[in-house]
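Per the numbering used here, the sequence shown starts with residue 18, numbered consecutively. The block underneath contains the structure these notes are about, expressed in structure tokens.
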Amino acid sequence: MNGYARRLESNGKSSDTDISAHVASFDDLGIDIARIESSDADQSYLISSARQILDNFSKAESRFVYGPIKHWYDNRDHLQIIVLDKILSAMLSHAQLCGGQEGLRYIASVIVACHERGQSNGGWVVELQLLESMAITMLTQFLFIFRAQWPVSEDWLGPTFDDPPPYVGLPCLHQMSKSERRFRLKLLIRQGFTCFLSGYGELSPLAMDALYPPRMVVQRQIFRWPTAIAEDGSESHKSATRSFNILKKFTRISANNFGELKNIINDPSNGMLLIMVLHRGFDELQWCLQPTEVCFSLEDRAWSTLTYF
Numbered sequence: 018m019n020g021y022a023r024r025l026e027s028n029g030k031s032s033d034t035d036i037s038a039h040v041a042s043f044d045d046l047g048i049d050i051a052r053i054e055s056s057d058a059d060q061s062y063l064i065s066s067a068r069q070i071l072d073n074f075s076k077a078e079s080r081f082v083y084g085p086i087k088h089w090y091d092n093r094d095h096l097q098i099i100v101l102d103k104i105l106s107a108m109l110s111h112a113q114l115c116g117g118q119e120g121l122r123y124i125a126s127v128i129v130a131c132h133e134r135g136q137s138n139g140g141w142v143v144e145l146q147l148l149e150s151m152a153i154t155m156l157t158q159f160l161f162i163f164r165a166q167w168p169v170s171e172d173w174l175g176p177t178f179d180d181p182p183p184y185v186g187l188p189c190l191h192q193m194s195k196s197e198r199r200f201r202l203k204l205l206i207r208q209g210f211t212c213f214l215s216g217y218g219e220l221s222p223l224a225m226d227a228l229y230p231p232r233m234v235v236q237r238q239i240f241r242w243p244t245a246i247a248e249d250g251s252e253s254h255k256s257a258t259r260s261f262n263i264l265k266k267f268t269r270i271s272a273n274n275f276g277e278l279k280n281i282i283n284d285p286s287n288g289m290l291l292i293m294v295l296h297r298g299f300d301e302l303q304w305c306l307q308p309t310e311v312c313f314s315l316e317d318r319a320w321s322t323l324t325y326f
């Protein structure tokens, strides 16, 4: 993902920084993060401290700007903007679901490390720069945020199924009545399946029965397997390794390297052998870190990044 960080200054001006500098800051802070994570600091204290740090971070109004991306509705290029403090806030909020107490401790340690390094070397200015770097690294090396059009309320559906025009020409995975389609869309909207960072729709288990939208979501590969497994010291391999390390820390997967991760994906116990192209679902983010409450047993379901989320 190409982009730069933009921080709004009190004088109304902004300052920009290239992504590579932020990733370097993340790598440099690794020793501090590991020290805090393995320390005997109380878990509740770390989490409370992290939340307070993020509260101060939100007041800085830091932004990540990337693009430009051509929008489908006017065929013009637009810059995309993400509020940086929400990235770390979202990760802290969902860390326990993804990686239990250990995953929660990891992301809290990342945030606290920024504060401690800043306090010992430059104060708030340095702390702010480090928090921005952590958020941008998580975004570009791990989260791979996507954008998609999504209705903001049930009012978008209109008084009848034939309103509004977006319904025209939308195929579905199997035969459904108009009323059933409308019900599913209303349910999705009411449940609020929207991206915490961008405000747009995100993937959910309910998408398995959804409709195809009139636009495509940009797909990002988590790992390019040949590059990741080939330990050639290239920047691509370093990036893949960084993403793997964050994935391992945040989710507490049992794999210690790319080969072991590939074996886990290939294992028959997770059902991925039923997929025609084994790793396509993983590469295209067609999976969820949070365990689902309902098992779709004895029923073959398929979904893709083209679905209405």
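The beta carbon of each residue, even a glycine, is placed where N, CA and C say it ideally should be. Computed from a predicted structure; not experimentally measured.
Quick check on Lys76: buried or exposed, where buried means 16 or more other Cβ atoms within 10 Å of its Cβ? An exposed status is given to Lys76, since fewer than 16 other beta-carbon atoms sit within 10 Å of its beta-carbon.
Rounded C-beta distance between Leu71 and Leu109? I'm assuming under 8 Å. A Cβ-Cβ separation of about 7 Å places Leu71 in contact with Leu109 under the 8 Å criterion.
Residues bridged to Asp72 [DSSP beta-bridge criterion]: Answer is none; Asp72 lacks a bridge partner.
Assign Asp44 to one of three DSSP states: helix, strand, or coil. If DSSP states are grouped into helix, strand and coil, Asp44 belongs with the helices.
So, Leu101 versus Glu149, is the Cβ gap smaller than 7 Å? Yes, these two residues count as a Cβ contact at 7 Å.
Asp49 (DSSP reduced to helix, strand or coil): Three-state DSSP puts Asp49 in a helix.
Which value, in whole angstroms, describes the spacing of the CA atoms of Ile53 and Ile124? Cα to Cα, Ile53 sits roughly 11 Å from Ile124.
Less than 7 Å between the C-beta atoms of Arg3 and Gly135, yes or no? There is simply no residue 3 to check, as the chain begins at 18 and stops at 326 in what is shown.
Please classify Gln158 as buried or exposed, where buried requires at least 16 other C-beta atoms within 10 Å of its C-beta. With 16 or more Cβ atoms within 10 Å of its Cβ, Gln158 is classed as buried.
For Ile50, count the other beta carbons within 10 Å of its own beta carbon; 16 or more makes it buried, fewer makes it exposed. Which is it? So Ile50 ends up on the buried side.
Return the Cβ separation of Leu105 and Ala112 in integer angstroms, given the expectation that the two are a contact with Cβ distance under 8 Å. With 8 Å as the limit, Leu105 and Ala112 do not qualify as a contact, their Cβ atoms being about 10 Å apart.
With H, G and I counted as helix, E and B as strand and the rest as coil, what does DSSP make of Ile36? Annotated three-state conformation of Ile36 is helix, per DSSP.
May I ask you to report which of helix, strand or coil DSSP gives Gly250? Note: Gly250 maps to coil in three-state DSSP.
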